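Input: a single structure, listed below in structure tokens.
2 protein chains.
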Amino acid sequence: MAQDLDLAQPSAEDTLGRLAADRDLLGRAGTAQRVAEVLRDRIAEGALPPGTRLSEHALGAALGVSRNTLREAFRTLVDGRLVVHEMNRGVFVRTLGPDDVVDIYAVRSALEGTGLRAATGAAPERIAALEAAVAGGEAAARAGDWAEVGTADLRFHRALAALAGSARIDEFMNRLLAELRLAFLAMPSARGLHEPFLRRNREIADLLTAGDTDGAAAVLERYLDDARRMICDSMRADGA
Amino acid sequence: MAQDLDLAQPSAEDTLGRLAADRDLLGRAGTAQRVAEVLRDRIAEGALPPGTRLSEHALGAALGVSRNTLREAFRTLVDGRLVVHEMNRGVFVRTLGPDDVVDIYAVRSALEGTGLRAATGAAPERIAALEAAVAGGEAAARAGDWAEVGTADLRFHRALAALAGSARIDEFMNRLLAELRLAFLAMPSARGLHEPFLRRNREIADLLTAGDTDGAAAVLERYLDDARRMICDSMRADGA
DNA sequence: GCATATTTGTCCGTATGTATA
DNA sequence: CTATACATACGGACAAATATG
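Line by line, the protein sequences are chains G and B. Here the first sequence stands for residues 1 to 240, where the numbers follow this note's numbering. Here the second sequence stands for residues 1 to 240, where the numbers follow this note's numbering.
Okay, structure coming up:
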């Protein structure tokens, strides 16, 4: 029972924003769960780009786990839509199409819109989380760290949905944004993808603290429309 | 590779309303997937009530599958929140608490509300699905089939969320209602649980076809508040 | 509190079917 | 069309954790 998990490099910088704040709250994690988390991270980083075949033999050897354990981890990833399972062919890192992006942004609109409508009367620390995310994005932009701008952007919109105060909405939003990362990976430049929206996030946060939910909702809708269009256009240009 | 799946009895009546219209669209299903589906059905029926331990040895023998395959099926059920996995202790059918019910109804409000707001401009066949579900519930009530009234109710509200036209919202709603069934199982009478809400569903459908989305939204909110209260009250009375 | 039985966690080996070069 | 590689699924093994007397 000696698990190596060799591929788990230091990774000291991702202590914050851990998306896996799920069910390891009180209990230790099993091997399959840890394997799933490692693979999730590698996929999000782009180390395992869309279309990559996840060979049971090769991955099992690399991670030092048995094929049985690996297959259990795969089930979790399939449920998270990060990989697809083709019968008798194996599992592959998912490749998103424009239709997926359209649907994801429709759900974002529903979830973040729900959060906005719940903003009046939301706990003040949730509003503070919004402000912190916006400020973090702006600081990262000044430092030229566009990857960090991207994660701050996701953090801001996660905080937007979290205004609803529902654990299940939070989890759904997490899964959704993890899936959306697959589309981000196909984009040419992180800067071009995230920079134009820094100002919109600031606007939304300011309008919200001023109590203007309708105004914030309007800006949010334009944000989502523009971002969706940008990603879909890039996808179609890439495919042509 | 001879799979029995003995527990899969005829079940001729559940051809409609199959919740598992997920990913067996074009490919055959693997054993683990079929096992997960069987267990899902048994849990929804109440044959495996909340708190039941799902022993690997016993279940594997009963279903004629190996422990490895069974464990893969468990992963899927864990992700669907139908069972909980306690490390080194096994998996148990989930027991919902009042806080879970509160959260589920908050999400229902968000999802069904989103559907309502998208009603104007939704495809006419989606509106027809609403009407069909309401009519089905009324017919079942006249026949005294309260279990069927319950599934018609779920079908109606699933159709409500489906007005948004998003595949991911549909899937989320399915998972949510499957989870909610766990709470229904603990209620004393299916009739008392569903009968009071037949009239509300009718009202919502009529207001929607008349184009009064705001009116429909108001009725929906009262529906959800009352249903949540009823279930939570019953839970607390049960636990005391 | 301790010894024992049961059950899970994880690995390995292997037979069979399926897809692909 | 055959050969090869791989996924599917089973069964057995053993350590570790948990439940039981």
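Where a beta carbon is used, it is the ideal one built from N, C-alpha and C, also for glycine. The structure presented is a predicted model; accordingly, all values stated were derived computationally and were not measured.
Three-state class that DSSP yields for residue i in the structure shown
i: R200 (chain G); result: helix
i: R158 (chain G); result: helix
i: L39 (chain G); result: helix
i: R23 (chain G); result: Any reading at R23 (chain G) is ruled out, since the residue's pLDDT is 31, under 50, leaving its predicted position unreliable.
i: L77 (chain B); result: helix
i: R181 (chain G); result: helix
i: L82 (chain B); result: coil
i: L54 (chain G); result: strand
i: S166 (chain B); result: coil
i: M187 (chain B); result: coil
i: D226 (chain B); result: helix
i: M173 (chain G); result: helix
i: A150 (chain B); result: A small correction: the amino acid at residue 150 (chain B) is Gly; Ala does not occupy that position in the sequence shown. Here G150 (chain B) sits in helix by DSSP.
Cutoff 8 Å: residue i Cβ touching any chain B Cβ
i: D103 (chain G); result: yes
i: N68 (chain G); result: yes
i: D277 (chain G); result: The structure shown has nothing for residue 277 (chain G), since chain G only spans 1 to 240.
i: R168 (chain G); result: yes
i: F172 (chain G); result: yes
i: T31 (chain G); result: no
i: R71 (chain G); result: yes
Residue i versus residue j - alpha carbon distance
i: F184 (chain G); j: A190 (chain B); result: 47 Å
i: L163 (chain B); j: N174 (chain B); result: 14 Å
i: C232 (chain B); j: L193 (chain B); result: 12 Å
i: L111 (chain B); j: A61 (chain G); result: 43 Å
i: R117 (chain B); j: A227 (chain G); result: 22 Å
i: L220 (chain G); j: R158 (chain G); result: 13 Å
i: T151 (chain G); j: M235 (chain G); result: 21 Å
i: A129 (chain G); j: A47 (chain G); result: 30 Å
i: R155 (chain G); j: V134 (chain G); result: 9 Å
i: R181 (chain B); j: P188 (chain G); result: 45 Å
i: E138 (chain B); j: F197 (chain B); result: 11 Å
i: N88 (chain B); j: R28 (chain G); result: 10 Å
i: A123 (chain G); j: A161 (chain G); result: 13 Å
i: A106 (chain B); j: T95 (chain B); result: 19 Å
i: Y223 (chain B); j: R200 (chain B); result: 7 Å
Residue range of the alpha helix (DSSP H) that includes residue i
i: V65 (chain B); result: Neither: V65 (chain B) is in no alpha helix (DSSP H) and is coded neither H nor E.
i: G144 (chain B); result: Looking at the DSSP string, G144 (chain B) is not in any alpha helix (DSSP H), and its letter there is neither H nor E.
i: L90 (chain B); result: For clarity, residue 90 (chain B) is Gly in the given sequence; the question names Leu instead. Run containing G90 (chain B): none in the alpha helix (DSSP H); it sits in the beta strand (DSSP E), G90 to V93.
i: R108 (chain G); result: P98 to R117
CB contact below 8 Å: residue i versus chain G
i: R75 (chain B); result: yes
i: A106 (chain B); result: yes
i: R181 (chain B); result: no
i: A164 (chain B); result: yes
i: M87 (chain B); result: yes
i: F92 (chain B); result: no
i: R229 (chain B); result: no
Problem - Stretch pair the stretch 93-109 of chain G + the stretch 93-104 of chain B: three plus CB contacts closer than 8 Å - result: no
Problem - Three CB pairs or more closer than 8 Å across the stretch 43-52 of chain B and the stretch 41-58 of chain G - result: no
Exercise for the section: Count the CB pairs spanning the stretch 61-72 of chain B and the stretch 57-72 of chain G that are closer than 8 Å, and state whether there are at least three. Expected result: yes
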